[in-house]
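Notes follow the structure.
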Amino acid sequence: MRIADRLCQGGTPCFSFEFFPPKSEGGVAQLFTTLRELADLAPAFVSVTYGAGGSTRQMTVDLVSAIKRETGIEAMAHLTCVGHTREELAEILERLRAAGVDNVLALRGDPPQDQATFVKPVDGFGHANELMEFIRQRDLPFGLGGACYPEAHLESSGLDDDLAHTRAKVDAGAEFLITQLFFDNAFYFHFVERARKAGITVPIVPGLMPITNIAQIERITRMCGATMPMRLRLALEKRKDDPEAVLQLGVAHATLQAADLLANGAPGVHFYTLNRSRASRMIVTALQVQSVG
Ligand SMILES: Cc1cc2nc3c(=O)[nH]c(=O)nc-3n(C[C@H](O)[C@H](O)[C@H](O)COP(=O)(O)OP(=O)(O)OC[C@H]3O[C@@H](n4cnc5c(N)ncnc54)[C@H](O)[C@@H]3O)c2cc1C
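In this text, residue positions in the sequence shown follow our numbering: the first is 17, and each later residue adds one.
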């Protein structure tokens with residue numbers, strides 16, 4: 017199944033869930049428990065991230081095919097340019113094809129922890145659009161997705177510059193885009209409006225990360241540059257000694273965000289789950305009961 021086809025069908029909103037490859041066998045077992053818990057919600061697809069290096073990279077390929085095989089849920093592999101030559105990327109893509117994977121989220125990738133900035137690999141690629149062009153030139157049959165940034169990517173010189181680079185990804189073959197997480201829907205609506213004016217017609221799926229832990233969300237927003245609205249920040253601060261109250265607020269906020277996004281034209285919602293199902297399950301269950309969208 018090509019994810020873009022499902023996104024373009026209209027009708028029921030597409031809910032999708034993102035996971036990262038666990039480092040231990042226990043983590044893999046936990047991930048499959050999470051997947052089984054989420055399967056009842058009939059996700060349109062799930063996706064597995066690609067690490068900045070090390071053993072979890074092979075795990076992405078293995079997990080995506082295992083998820084498809086064992087749960088029947090459509091699973092998309094993320095793939096990044098970090099540390100790979102063209103030849104290595106071609107091999108990974110061949111492995112994905114052989115494993116029956118239909119969709120790839122093609123990214124430049126974040127640098128490994130010991131590197132401050134992204135370094136273009138020798139005989140590799142410097143940007144996501146180059147990886148996409150490479151995939152299309154090789155005539156690989158993947159449905160292709162790309163990342164986009166309603167608040168602009170941290171390294172870009174501004175909204176217009178970043179939008180031009182997003183357009184380059186679509187021109188290179190991206191059939192849909194998934195946004196970086198955000199907490200204020202105005203960023204998404206403004207981005208979609210500007211993208212449409214810039215000739216980007218592909219589905220733009222909002223990515224939401226339900227807040228479940230204050231320290232974790234502070235670290236993640238620092239890393240990706242997402243703005244936390246002051247009222248939400250203050251409400252979290254008030255609950256900082258009560259983890260359950262933090263989760264309840266995070267779920268309530270993301271539910272309201274998702275309902276508003278779907279009611280105003282978003283084709284679905286992609287949840288950054290951090291390999292846990294509770295928050296996403298609560299949100300999607302509420303949305304499905306309400307038939308929002
Ligand atoms: C939905 C989603 C999933 C993600 N999954 C992963 C993952 O699995 N693994 C991981 O490591 N990271 C992941 N990331 C993070 C992502 O890798 C980082 O945000 C990374 O810094 C940029 O990746 P990109 O594909 O957007 O890069 P690019 O599109 O290459 O953009 C990177 C920067 O370069 C600029 N740029 C883009 N194209 C050009 C060009 N042709 N010429 C000049 N400048 C250009 C952009 O404006 C931007 O500032 C994900 C992000 C999102 C939103």
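Each residue gets a CB set at the ideal place from its N, CA and C atoms; glycine is no exception.
Between the Cα of residue i and those of the options, spot the shortest distance and give me the residue it belongs to.
i	options	result
residue 120	128, 94, 138	94
residue 192	198, 209, 215, 220	220
residue 68	81, 134, 302, 223	134
residue 122	103, 114, 229, 152	152
residue 322	180, 30, 167	For the chain, the structure presents residues 17 to 309; residue 322 sits outside this window and is missing.
residue 124	112, 116, 96	96
residue 240	223, 250, 255	223
residue 91	138, 286, 261, 227	286
residue 81	55, 61, 62, 116	116
residue 232	26, 262, 250, 154	262
residue 188	176, 284, 155, 113	155
residue 256	56, 228, 18	228
residue 55	109, 83, 161, 73	83
residue 100	26, 89, 73, 88	73
residue 89	40, 136, 110, 33	33
When burial is assigned at 16 or more other CB atoms within 10 Å of the CB, is residue i buried or exposed?
i	result
residue 280	exposed
residue 105	buried
residue 213	exposed
residue 28	exposed
residue 42	exposed
residue 75	buried
residue 309	At residue 309, the pLDDT of 45 sits below 50, so the modelled position is not reliable and the matter cannot be decided from this model.
residue 138	exposed
residue 296	buried
residue 289	buried
residue 170	exposed
residue 190	buried
residue 86	exposed
residue 300	buried
residue 45	exposed
residue 50	buried
residue 215	exposed
Does DSSP classify residue i as helix, strand or coil?
i	result
residue 228	coil
residue 288	strand
residue 75	helix
residue 89	coil
residue 280	coil
residue 309	Only weak support is given to the placement of residue 309: the predicted model assigns it a pLDDT of 45, under 50, and the question is left unresolved by the model.
residue 264	helix
residue 64	strand
residue 162	strand
residue 123	strand
residue 57	coil
residue 144	helix
residue 94	strand
residue 293	coil
residue 34	strand
residue 134	coil
residue 46	helix
Taking Cβ to Cβ, would you say residue i is nearer than 8 Å to residue j?
i	j	result
residue 196	residue 132	no
residue 79	residue 37	yes
residue 178	residue 163	no
residue 166	residue 203	yes
residue 248	residue 199	yes
residue 208	residue 186	no
residue 159	residue 274	no
residue 112	residue 77	yes
What's the gap between the Cα of residue i and the Cα of residue j?
i	j	result
residue 53	residue 252	27 Å
residue 325	residue 237	This structure gives no information on residue 325, because the portion of the chain shown stretches from 17 to 309.
residue 102	residue 149	12 Å
residue 23	residue 71	32 Å
residue 272	residue 107	43 Å
residue 211	residue 302	30 Å
residue 259	residue 31	26 Å
residue 292	residue 126	22 Å
residue 235	residue 140	30 Å
residue 182	residue 226	25 Å
residue 118	residue 268	34 Å
residue 18	residue 147	19 Å
residue 174	residue 184	16 Å
residue 254	residue 264	13 Å
residue 98	residue 266	32 Å
For residue i, would you say it is in contact with chain C, using Cβ-to-Cβ distances shorter than 8 Å as the test?
i	result
residue 240	Annotation note: the requested chain C is absent from the structure, which comprises a single protein chain.
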